[in-house]
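Counting from 1, position 183 in the sequence shown corresponds to residue 182 in numbering that gives the first Met the number 0; the numbering is continuous, with no gaps. Note that beta-carbon positions come from the ideal geometry of N, C-alpha and C, so glycine has one too. Just so it is clear, the structure is predicted and the values come from calculations on it, not from any experiment. Here's the structure we're looking at; comments come further down.
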Amino acid sequence: MESVDLTINQGEIVGLIGPNGAGKTTLFSVVSGYYGPTGGKVIFDGEDITGLKPHKICNRGIARTFQIPKPFLHLSVVENMMVGASFGAGHSSRQAAIEGVLEILHWSGLADKAWMPADTLNLVQRKKLELARALSTVPQLILLDEVIAGLNPTEAAEMVSFITTLRQRKITVLIIEHIMKVIMNVSERIVVLDQGKKICEGPPAVVANDASVVEAYLGVQGHA
């Protein structure tokens, strides 16, 4: 990463795109505390959170998902969610956490799987659980890393609908996704990285037609 300057406003859904190896997941890992930055700062809600441990950052209201869902397979869906809730920012008691978890499961379409072991879930259900687990921490900002990858068109549309409802719940979203149709439709603003640098930022229509973005994806003059 090199001098990436990125500001996200409360309530926005911002897309983060770029070729493989551009630094997108690395940026997520720095913001969420998995990697320590070698320079610069991470400021969240007016507080310098640079270098804090992941659970401390989660407790302050930032959650993330991973490209490959890795639930606790021997635990039920609810128990997986309660693990997230125990590190989160917003529950005052165990009962409040359970009520919040059940609400998220209903909202995400997993209510009928609540007491089933996570190893019984299919791919789309595990992706929903990955997102639901992050939501169980009661985040203000959620970082979504390719939650739609691998889904069929119907499943992808369902997940997009789920993501857009986050805005109604006043949750800010930064999302990485390689499916351009999805990222262009769901994002209000898009940031493009290439080789660890920010090369473009703006509304989807502007970014899609930017020459530097086309070159980063397709090579000079449209050739790989």
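**Q.** Proximity below 8 Å, CB of L104 to CB of M80
**A.** Position 105 of the sequence shown, counted from the first residue, corresponds to residue 104. Position 81 of the sequence shown, counted from the first residue, corresponds to residue 80. Cβ atoms of L104 and M80: closer than 8 Å.
(Q) Can you tell me where the beta strand (DSSP E) holding T171 begins and where it ends? (A) By 1-based counting over the sequence shown, the position of residue 171 is 172. 171-175 is the span of the beta strand (DSSP E), which, as asked, contains T171.
Q.
Between the alpha carbons of I189 and E1, how many angstroms are there, rounded?
A. As a first step, residue 189 is located in the sequence shown; it is residue number 190 there, counting from the start. As a first step, residue 1 is located in the sequence shown; it is residue number 2 there, counting from the start. Approximately 18 Å, taken between the alpha carbons.
**Q.** Bounding residues of the beta strand (DSSP E) (the contiguous stretch that carries G14)
**A.** Looking up residue 14 in the sequence shown gives position 15. Boundaries of the beta strand (DSSP E) harbouring G14: 12-16, taken from the DSSP string.
**Q.** Whole-number beta carbon distance between V172 and I141, since they are thought to touch under 8 Å
**A.** The count along the sequence shown starts at 1 and reaches residue 141 at position 142. The count along the sequence shown starts at 1 and reaches residue 172 at position 173. Yes, they are in contact, since the Cβ atoms of I141 and V172 sit about 6 Å apart, within 8 Å.
Q | Length of the line joining the Cα atoms of S211 and G83 | A | Along the sequence shown, read from residue 1 onward, the residue named residue 211 stands at position 212. Along the sequence shown, read from residue 1 onward, the residue named residue 83 stands at position 84. Roughly 39 Å separates the two Cα atoms.
Q.
One question on the structure: do E226 and V123 come within less than 8 Å of each other, judged by their Cβ atoms?
A. Not covered by the structure: residue 226. The range shown for the chain is 0 to 223.
Q: Could you round the C-beta distance between L150 and A117 to whole angstroms and report it? I think they count as a contact, below 8 Å.
A: Taking the sequence shown and counting its residues from 1, one reaches residue 150 at position 151. Taking the sequence shown and counting its residues from 1, one reaches residue 117 at position 118. Not really, about 18 Å apart at Cβ, beyond 8 Å.
(Q) Assuming the contact rule is C-beta atoms closer than 8 Å, P68 and K126 should be a hit. Round their C-beta distance to whole Å, please. (A) Start at 1 with the first residue of the sequence shown, and residue 68 comes out as number 69. Start at 1 with the first residue of the sequence shown, and residue 126 comes out as number 127. At roughly 6 Å, the Cβ-Cβ gap stays under 8 Å, so P68 and K126 are in contact.
Q.
Assuming the contact rule is C-beta atoms closer than 8 Å, G32 and I174 should be a hit. Round their C-beta distance to whole Å, please.
A. The residue labelled residue 32 in the question sits at position 33 within the sequence shown. The residue labelled residue 174 in the question sits at position 175 within the sequence shown. About 19 Å separates the two Cβ atoms, so there is no contact after all.
Q: Could you check what DSSP says for L130 in three-state terms: helix, strand or coil?
A: Along the sequence shown, read from residue 1 onward, the residue named residue 130 stands at position 131. If DSSP states are grouped into helix, strand and coil, L130 belongs with the helices.
Q) What are the uninterrupted segments assigned as alpha helix (DSSP H) that are 4 or more residues long and contained completely in the stretch 104-155, given in chain order? A) 122-134
**Q.** Rounded C-alpha distance that separates K52 from F65
**A.** Counting from one through the sequence shown, the residue named residue 52 turns up at place 53. Counting from one through the sequence shown, the residue named residue 65 turns up at place 66. Roughly 17 Å separates the two Cα atoms.
Q.
Between which two residues does the alpha helix (DSSP H) holding I182 run?
A. Start at 1 with the first residue of the sequence shown, and residue 182 comes out as number 183. 179-185 is the span of the alpha helix (DSSP H), which, as asked, contains I182.
Q) How close, in whole Å, do the beta carbons of K196 and L5 come, if the pair is a contact with beta carbons under 8 Å? A) Translated into the one-based positions of the sequence shown, residue 196 becomes position 197. Translated into the one-based positions of the sequence shown, residue 5 becomes position 6. In fact, because the Cβ distance is near 12 Å, the residues do not count as touching under 8 Å.
Q. Looking only at its own chain, which residues have a Cβ that is under 8 Å from the Cβ of V29, when we skip the five neighbours before and after it?
A. Mapped onto the sequence shown, residue 29 falls at position 30. For V29, where only same-chain residues beyond five positions count, the Cβ hits under 8 Å are M0, G35, P36, V41.
Q: Leaving out five residues on either side along the sequence, give the residues of the same chain with a beta carbon under 6 Å from the beta carbon of A113.
A: Locating residue 113 in the sequence shown gives position 114, where the first residue counts as 1. So the list reads V76, V77, L104, once near-sequence residues are dropped.
(Q) Which of the three DSSP states is assigned to H222 in this structure? (A) Numbered from its first residue, the sequence shown carries residue 222 at position 223. In this prediction, H222 scores a pLDDT of 36, lower than 50, which makes its location untrustworthy; the coordinate-derived value is nonetheless stated afterwards. Coil, per DSSP.
Q: Using beta-carbon positions only, say whether E102 and I147 come within less than 8 Å of one another.
A: Start at 1 with the first residue of the sequence shown, and residue 102 comes out as number 103. Start at 1 with the first residue of the sequence shown, and residue 147 comes out as number 148. It is not a contact, given that the beta carbons lie outside the stated cut-off.
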